[in-house]
Amino acid sequence: MGKNKQQKTEYTYTQVIPVVCCSDETQINQIMHLCGIPRALTYNKLGSLQGWGLDWKKADPIIRTILKPEDIGLPSKLWEWSVNDTMKAITAQQEAAKVFLSREIWRKYPIQPSQQQRIKWIEINKENKKGEELKVLKLQSLELFPPCTVEIERNRLLELLDKNPAQDKWLHRQFRKQYLRGHTFVRNQIVYQGAGYSCKRITRNTIQLEVAGLIKGKRVTLKLRCRHIIQGQIRLRSNEHGLLEIHCTRTKTLILPPGKSPKKLGIDKGYTEGYYTSEGTKIADGLGKLLTAKTNRISKTNRNRYRLFAHARNNPAKSGTIRKNNLGYKTKKRRLQREKATIQNFIRRDLRLNITSPVEIFCEDLTQPIKGKQQAKQINRKLNQWMKGELQASIEKISLETGSTISVVNPAYTSQVDNPTGTLLGRREGDRFIRYTGDVIQADWNASINIRIRGQDKQITRYMRSSEVQTILVGRTVQYLHSIGYSVAAALDLGLLPSKFKTTALEYESKYYPQGWRVRLSFDLGDSSPLSPTCYSHDQIK
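Numbering (numbering that gives the first Met the number 0), first residue to last: 0 to 541.
Structure below.
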């Protein structure tokens, strides 16, 4: 047997390098101010629908029709690099909006049975087929399972999404909701490509960087505390303290563990602990204490700042001193950054201890804002400070280091489903989930198992609405009740089924189960229709 080859992957990150000495800082500040002009023009001209789908290379000629670099005394290349960098930022915002717009399109026109059958047929027959053979196979699948009206309309909207969303009225309305016009007030950075600077080593820990200035042929010299020669695009930036620094990208090669593990892991994100896995392991236990301490400290600080502000307003003689020395944001921002870095290190350290080999990770999609009934102010503060974005970013970082894969699933009702049966029987009370049989399981553990199961559920898709997910789960619940000899009314009387599902469950039962019939539970996750149970007579069940 040959040895497993080592798998490698590249990880790109941004390195911040402080500038020790600058030969002409006044000229650098002037260039930063001038580079802000093409940035603002680019956002004003191309920050909305007019720049949708535009290639960043075509942005500069459009902006030059409004204003030319020689009109403000900025070198042509610095102008071009600023415009290109701004257009790349606009493109990134467009791609983020496309994710939400695609979700709305798939919700309006969900996947159909014919498409599911086509996908399954291709998966069965595509073995050892590549290139032209695979294209022929896909054409054959379209002849065997032709697209229906819903699929054709969905494909039309997805094509318009890349070209011009304004051509369809419904898509244009969704576009206006998800993508807002951008503006920029950045006046503290200059973008340089490789032709705009030169780099050489002075000592082991110091390098010299010569960047293009306002005068052709005369460059500004910068000395940096760095051990490697800088290459590629860089960003010369003035930070909040007025100090110059260089931002450059570096690539790090990571060696992954050999082999691929068939292990599947469901992860539930929480507040008290960062994660609860489907194996019953707590990761980043105690996260809630750190988040609560940060929230309470911020609320207390802000409360005192409001009192100081009121005091300054009522005492004009002391107003200037208070505003200058006590109401600034530099110290406040530094402290918040330290707290966030501490929490990030806490989360990632524990993740690295628990995930050391390649696994298939299933987690919830928590990109949507938290909506629901009005909570107390203290609870709202805690939810606002909950670093759910950092939780997802940490999982992605660890998965990259270990060679794991991440699948994001629909989060609807994952904490209310009884994982052994896949039904809505049972209830959650705090950290406990009480099954209809009376057994008690840890609620987050139950949710993480449901997340792992949902990762393989063909019926419940990621972008499905919660009402649609409820319909599917209620159908499975009613099927299971009839398989064990209970009607919906009996389950409600015995407290097996939560009352909030009463109306949907009774409608489902009256529609699909005539009197004297029972249904055997079938967890065929590949079935395309959640409302098409297989019926059996009473004699057949016996």
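Glycine residues also receive a C-beta, built at the ideal position from the N, C-alpha and C atoms.
Model, not experiment: these values are computed from the prediction.
Next on the checklist: Less than 6 Å between C-beta atoms, sequence neighbours within five positions excluded: which residues of the same chain meet that for residue 611?
Outcome noted: Given that the chain is displayed from residue 0 to residue 541, the structure contains no residue 611 and the question cannot be resolved.
Item to check | Inter-residue spacing [alpha-carbon to alpha-carbon] between residue 11 and residue 172 | outcome: Along the sequence shown, read from residue 1 onward, the residue named residue 11 stands at position 12. Along the sequence shown, read from residue 1 onward, the residue named residue 172 stands at position 173. Each residue's alpha carbon lies about 37 Å from the other.
Checklist entry - Of all the options 208, 231, 237, which has the alpha carbon lying nearest to the alpha carbon of residue 224? => result Here the question's residue 224 lines up with position 225 in the sequence shown. Answer by Cα proximity: 208.
Checklist entry - Helix or strand or just coil, what does DSSP make of residue 283? => result The residue labelled residue 283 in the question sits at position 284 within the sequence shown. Note: residue 283 maps to strand in three-state DSSP.
Next on the checklist: Nearest by alpha-carbon distance to residue 32: which of 165, 220, 194, 237 is it?
Outcome noted: Working through the sequence shown from its first residue, we reach residue 32 at position 33. Among 165, 220, 194, 237, the Cα nearest to that of residue 32 is on 237.
Checklist entry - Per DSSP, which one or two residues make a beta bridge with residue 265? => result Within the sequence shown, numbered from 1, the residue matching residue 265 stands at position 266. Bridge partners of residue 265: 361.
Next on the checklist: Check this for me: beta carbons of residue 185 and residue 38, under 7 Å apart or not?
Outcome noted: As a first step, residue 185 must be located in the sequence shown, where it is residue number 186. As a first step, residue 38 must be located in the sequence shown, where it is residue number 39. Yes.
Checklist entry - Is the beta carbon of residue 263 sitting closer than 7 Å to the one on residue 427? => result Residue mapping note: residue 263 aligns to position 264 of the sequence shown, counting from 1. Residue mapping note: residue 427 aligns to position 428 of the sequence shown, counting from 1. No, the Cβ-Cβ distance between residue 263 and residue 427 is not below 7 Å.
Next on the checklist: Just to confirm before moving on: does the CB-CB distance between residue 345 and residue 408 stay below 7 Å?
Outcome noted: The sequence position of residue 345 within the sequence shown is 346, counting from 1. The sequence position of residue 408 within the sequence shown is 409, counting from 1. Not a contact, by the Cβ cut-off of 7 Å.
Checklist entry - At what residues does the beta strand (DSSP E) containing residue 211 begin and finish? => result The residue given as residue 211 occupies position 212 in the sequence shown. It spans 205 to 211 - the beta strand (DSSP E) in which residue 211 sits, taken as one unbroken run.
Checklist entry - Would the beta-carbon of residue 235 fall within 7 Å of that of residue 189? => result For the purposes of this step, residue 235 is taken as residue 236 along the sequence shown, with counting starting at 1. For the purposes of this step, residue 189 is taken as residue 190 along the sequence shown, with counting starting at 1. Less than 7 Å divides the Cβ of residue 235 from the Cβ of residue 189.
Item to check | Rounded C-alpha distance that separates residue 164 from residue 327 | outcome: Walking along the sequence shown from the start, residue 164 turns up at place 165. Walking along the sequence shown from the start, residue 327 turns up at place 328. Between residue 164 and residue 327, the C-alpha separation is close to 44 Å.
Next on the checklist: Assuming residue 461 and residue 364 are in contact, meaning their beta carbons sit under 8 Å apart, how far apart are those beta carbons, in whole angstroms?
Outcome noted: The residue you call residue 461 lines up with position 462 of the sequence shown. The residue you call residue 364 lines up with position 365 of the sequence shown. Contact flag correct, Cβ pair sits at about 6 Å.
Next on the checklist: According to DSSP, is residue 328 part of a helix, a strand, or is it coil?
Outcome noted: On the sequence shown, position 329 is the one that residue 328 refers to. Coil.
Checklist entry - Between residue 289 and residue 400, what straight-line distance do the alpha-carbon atoms span, to the nearest angstrom? => result Against the sequence shown, residue 289 aligns to sequence position 290. Against the sequence shown, residue 400 aligns to sequence position 401. Approximately 26 Å between the Cα atoms of the pair.
Next on the checklist: For residue 212 and residue 397, which I take to be in contact (beta-carbon distance under 8 Å), what is that distance rounded to the nearest angstrom?
Outcome noted: Position 213 of the sequence shown, counting from 1, holds the residue named residue 212. Position 398 of the sequence shown, counting from 1, holds the residue named residue 397. About 44 Å separates the two Cβ atoms, so there is no contact after all.
Checklist entry - residue 205 to residue 341, Cα distance in whole Å? => result As a position in the sequence shown, residue 205 is number 206, starting the count at 1. As a position in the sequence shown, residue 341 is number 342, starting the count at 1. Each residue's alpha carbon lies about 30 Å from the other.
Next on the checklist: At the level of alpha carbons, what is the spacing between residue 44 and residue 62?
Outcome noted: Numbered from 1 along the sequence shown, position 45 holds the residue referred to as residue 44. Numbered from 1 along the sequence shown, position 63 holds the residue referred to as residue 62. Their Cα atoms are separated by approximately 8 Å.
Checklist entry - CA-CA distance, residue 86 and residue 392? => result Along the sequence shown, read from residue 1 onward, the residue named residue 86 stands at position 87. Along the sequence shown, read from residue 1 onward, the residue named residue 392 stands at position 393. Cα to Cα, the separation comes out at about 25 Å.
Next on the checklist: Tell me the rounded alpha-carbon separation between residue 70 and residue 36.
Outcome noted: By one-based count along the sequence shown, residue 70 stands at place 71. By one-based count along the sequence shown, residue 36 stands at place 37. Going by the C-alpha atoms only, they are around 11 Å apart.
Next on the checklist: Using the Cβ count rule (16 or more neighbours within 10 Å means buried), how would you classify residue 154?
Outcome noted: On the sequence shown, position 155 is the one that residue 154 refers to. It is exposed - the Cβ of residue 154 has fewer than 16 other Cβ atoms within 10 Å.
Next on the checklist: Using a Cβ-Cβ cutoff of less than 6 Å, which residues in the same chain neighbour residue 440 once the five nearest sequence positions on both sides are dropped?
Outcome noted: Position 441 of the sequence shown, counted from the first residue, corresponds to residue 440. Closer than 6 Å at Cβ, skipping near neighbours: 432.
Item to check | N- and C-terminal bounds of the beta strand (DSSP E) containing residue 432 | outcome: Counting from one through the sequence shown, the residue named residue 432 turns up at place 433. Note, residue 432: beta strand (DSSP E), 431 to 433.
Item to check | Element boundaries [beta strand (DSSP E), containing residue 198] | outcome: Against the sequence shown, residue 198 aligns to sequence position 199. Start and end: 196 to 200.
Checklist entry - So is the beta-carbon of residue 307 under 6 Å away from any non-hydrogen atom of the ligand ADP? => result Of the ligands one can find in the structure shown there are none, so the ligand ADP has no counterpart to examine.
Next on the checklist: According to DSSP, is residue 516 part of a helix, a strand, or is it coil?
Outcome noted: Walking along the sequence shown from the start, residue 516 turns up at place 517. Its pLDDT being 46, under 50, residue 516 is placed unreliably in this model, and the coordinates cannot settle the point.
Checklist entry - What is the DSSP secondary structure of residue 131, counted as helix, strand or coil? => result On the sequence shown, position 132 is the one that residue 131 refers to. Three-state DSSP puts residue 131 in a helix.
Checklist entry - To the nearest angstrom, how far is it from the Cα of residue 17 to the Cα of residue 220? => result As a working note, residue 17 is residue 18 in the sequence shown. As a working note, residue 220 is residue 221 in the sequence shown. Distance from the CA atom of residue 17 to the CA atom of residue 220, rounded to whole angstroms, is 14 Å.
Next on the checklist: Since residue 92 and residue 149 should fall inside the 8 Å C-beta cutoff, what is the C-beta to C-beta distance between them, to a whole number of angstroms?
Outcome noted: If you number the sequence shown from 1, residue 92 lands on position 93. If you number the sequence shown from 1, residue 149 lands on position 150. Actually they do not touch by this definition, with Cβ atoms about 30 Å apart.
Checklist entry - Under the three-state reduction of DSSP, which class applies to residue 468: helix, strand or coil? => result Working through the sequence shown from its first residue, we reach residue 468 at position 469. Helix at residue 468.
Next on the checklist: Nearest by alpha-carbon distance to residue 548: which of 353, 217, 376 is it?
Outcome noted: Because residue 548 is not part of the residues shown, which for the chain are 0 to 541, the question remains open.
Item to check | Three-state secondary structure (DSSP) of residue 126 | outcome: By one-based count along the sequence shown, residue 126 stands at place 127. Residue 126 falls in the coil class under three-state DSSP.
Item to check | the segment 300 to 311 in contact with the segment 475 to 483 per 3-pair CB rule at 8 Å | outcome: no
Item to check | Start-to-end residues for the alpha helix (DSSP H) that takes in residue 390 | outcome: Locating residue 390 in the sequence shown gives position 391, counting from the first residue. Under the DSSP assignment, residue 390 falls in the alpha helix (DSSP H) whose first and last residues are 387 to 401.
Item to check | Residues near residue 106 by beta carbon distance below 8 Å, same chain, minus five either side | outcome: Your numbering for residue 106 matches position 107 in the sequence shown. Once the five neighbours on either side are set aside, the close Cβ partners of residue 106 are 462, 463, 464.
Item to check | Residue-level contact to chain C via CB, residue 83, 7 Å cutoff | outcome: Going by chain labels, chain C is absent from the structure shown, which holds only one protein chain.
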